[in-house]
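Step one of this worksheet: look at the structure below.
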Amino acid sequence: MSFYLYLILGFLGGIPAGMGMGGGTVTIPLLVLVGGVGQKVAQCANLFSFFPMSIGALKMHADNGLVKTKGIGWVILPALALSAAGALLASWLPSAFLKKGFGLFLIGLSFAGLRGLKEKKR
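Quick note: the sequence shown, position 48, residue 47 per numbering that gives the first Met the number 0, numbers continuous.
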């Protein structure tokens, strides 16, 4: 696979990630369907890219006064522990199971988004 194709796929996944919309929902399907990589590799690449993106986003939000530090440990500590547990679980699960689970997750997100649009119209 071409370096430039991966660069474009990273750019396309980085746009929603930069806006806080979950870049993995775009990056993982792009890497699997367009980039031809396996599900586990795509999820690993997404997790690996999330760290530097989140640091940049955190700095930007902190500069804009949007970061509230009170009680932040109660969010960070469980998130770190459960992220590690999820990564371990993903390493043990078959790729086909992960692919189907991620697909169901995306379908659920779609329905939640459509429901939100319907409620806004009221």
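Built from N, CA and C at the ideal position, the CB exists for glycine as well. Remember, it's a predicted structure, so these values are computed and weren't measured experimentally.
Short of 6 angstroms from the beta carbon of Ala16, and not among the five residues preceding or following it, lie these beta carbons of its own chain, in chain order: Gly22 and Met52. Per DSSP, the continuous alpha helix (DSSP H) segment holding Lys39 begins and ends at Gln38 to Asp62. Cβ atoms of Ser82 and Lys39 stay farther apart than 8 angstroms, at about 16 angstroms. Listed in chain order, the non-local C-beta contacts of Ala44 below 8 angstroms within the same chain comprise Thr26, Leu30 and Val36, local neighbours out to five positions each way being set aside.
Residue state for Pro15 is assigned as helix, using DSSP reduced to three classes. Ranked by how close their Cα comes to the Cα of Tyr5, the residues Ile54, Ala41, Leu46 and Ile106 have Ala41 in first place.
Beyond the five residues adjoining it in sequence on each side, Leu105 comes within less than 8 angstroms, by CB distance, of Thr24 and Pro28 in the same chain, given in chain order. For Leu11, same chain residues with a beta-carbon under 8 angstroms away, outside a window of 5 residues either side, are Val25, Thr26 and Leu29 in chain order. Around the C-beta of Leu57, fewer than 16 other C-beta atoms lie within 10 Å, and the residue is accordingly described as exposed. Assignment of Lys67 by DSSP, reduced to helix, strand and coil, places it in the coil class.
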